[in-house]
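Written below as structure tokens is the structure these notes are about.
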Amino acid sequence: MKKKSTAFFVLSVIVIAALAYIGAFGLNLGTDYKIKSLGESINKGLDLQGGVSVVEQVTDKNVSNETMNRTVELLNLRVNKMGVSETNVVKYGKDKIRVEVPGNYSEDQVLSTIGKTGKLTFVGPDNKVILTGDDVKSASPGYDQTNKPVINLALTASGTKKFSDATAKFMGQKITIAMDGETITDPTVDTIIADGNAQISGETTIDDAKQKADIINAGALPVTLKPVEVQQISATLGADALPLSVKAGLIGISIVLVLMLIWFRRPGLMADIALVLYIVLVLMVFSGLGVALSLASIAGFLLTVGMAVDANVLAFARIKEELKAGKSIKTATNSGFKNALSSIVDSNINTIIAGVVLYFLGSGEVKGFALTLVIGVLVSLFTALFVTKHLLNWAINMGLINKPEHFGVKGVDKC
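The UniProt record's numbering puts the first residue of the sequence shown at 1, with every later residue one more than the last.
In structure tokens:
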């Protein structure tokens, strides 16, 4: 048992240390491949790298929520053509849309891109336009007879005639559907469509079908947008804010690590190792999900660091109570984590619920804060309830922790 626990403990520490090193500094694997550091791979938001923020107002009256959603999808498509993957396009109030484009772009570039009239085209293999947005009544997601996701198209009378002729002419060939010249989908014609009701297959999920249907509808149902707020955010703000935020975070985390060691002794070291893993895992999730880190997101992340420590504090406090009651180290450890479980889960579930509500009801930086908060809490549950517990049990089996004094409990002689 001792040898096995020692092997697991040492291997875990080595893996965590390696992940922390690669996350902090990256890793060169020859001349052709490099693992980027987490600082390089995580996207930065508007307030950290600068860019342009625009609020557009819909001037049309009685615009439905569905049409607003379609307009958001269309604007997303347009601004992403600028080569910016971290754009943020969201509804802002009832009749406004906020567009945030990080990077070195001018106000004129962004406004001209947003203000273009959406042009939906159906283009044949001969590069001639078959239909435009005016020929489309509606598009909607659905399922075919084999339960695979499709896009259902309904065409106008003029569109029906044009499409019937085109499908007869281009049987077995592709017809490209594009918005502002960018391909949305390019299905192959497998039958003549003479009734104006077409079905586009080939979508992998119903969400993909819905997104593309929304873009097609947005081209057919454009709204008039008027910029009411345009703001150029200097990258110098991020140049100052990011290093200061990182410095503040490192100082705060270092203080937490030291206090855990002082207050809980050797078990505190186990919690510190788990906390290092927690930080690395959260930042890896941010990188993997493409989260754009903003000042609000950093605040949410640092808040979850405190919550991750709080879970360990609750568990260790319970263990100390069990030790004072005269239980052995192993029994007290298992009972302590078990008794603290409900308190840890309840507090974190409440935070997750609050974060989810903020995410769906908020916008912009509020969404960023909520997203990092929820991700951090979920990861902290894993590291506190699984990683810390196993590290602690292995340390006990190794003999590294074998006295109540190692938990800061004096006057009790149990092992």
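Cβ coordinates follow ideal geometry from the N, Cα and C atoms, glycine included.
All figures in this text were calculated on a predicted structure; none of them were measured in a lab.
| Asked | Found |
| --- | --- |
| A325 - partner residues in DSSP beta bridges | In the DSSP output, where bridge partners are listed per residue, A325 has none listed. |
| Beta-carbon separation (whole angstroms), V366 vs L358, contact threshold 8 Å | 6 Å |
| Proximity of I184 and I233 at Cβ, strictly below 9 Å | no |
| Three-state secondary structure (DSSP) of G249 | helix |
| Unbroken alpha helix (DSSP H) run spanning F369, endpoints | E365 to F382 |
| Straight-line gap, L320 to L391 (C-alpha atoms, nearest Å) | It is Lys, not Leu, that sits at residue 320 in the sequence shown. One C-alpha to the other measures close to 17 Å. |
| Simplified DSSP state of M270, which is helix, strand or coil | helix |
| Distance, G181 Cα to L221 Cα | Summary for L221: the model assigns pLDDT 46, below 50, so the residue's position carries little reliability; its value from the coordinates is reported in the next sentence. In a straight line, the C-alpha of L221 is about 18 Å away from that of G181. |
| Supposed contact pair I175 and P187 - C-beta distance, whole angstroms, cut 8 Å | 7 Å |
| Backbone CA spacing between I130 and Q57 [nearest angstrom] | 33 Å |
| Environment of Y278 [buried if 16+ CB atoms lie within 10 Å] | buried |
| F8 - containing beta strand (DSSP E), residue span | Unbroken run through F8 is the alpha helix (DSSP H), K2 to F25; no beta strand (DSSP E). |
| Endpoints, beta strand (DSSP E) assigned at E56 | G51 to V58 |
| T156 versus G196: straight-line alpha-carbon distance, rounded | 7 Å |
| Beta-carbon proximity of V291 to T372, cut-off 9 Å | yes |
| Segments of 3+ residues assigned as beta strand (DSSP E) that fall wholly inside the UniProt domain "SecDF P1 head subdomain" (126–223) | 129–132, 136–143, 149–155, 176–179, 182–185 and 197–200 |
| Residue interval of the alpha helix (DSSP H) (run including I120) | According to the sequence provided, residue 120 is Leu. The question's Ile does not apply to it. No alpha helix (DSSP H) contains L120, which is instead part of the beta strand (DSSP E) from L120 to V123. |
| Nearest candidate by alpha-carbon position, reference P125, set L295, L27, A166 and N28 | A166 |
| Extent of the continuous beta strand (DSSP E) to which K389 belongs | Here K389 belongs to no beta strand (DSSP E); instead the alpha helix (DSSP H) covers T388 to M398. |
| Three-way DSSP call (helix, strand, coil) for V101 in this model | strand |
| Option in S347, S343 and A317 with minimal Cα separation from T333 | A317 |
| Among I253, K212 and V54, the one whose alpha carbon lies nearest that of L153 | K212 |
| Environment of D272 [buried if 16+ CB atoms lie within 10 Å] | buried |
| Sheet register partners of A292 (DSSP bridge) | N43 |
| Where the beta strand (DSSP E) containing I35 begins and where it ends | Y33 to I35 |
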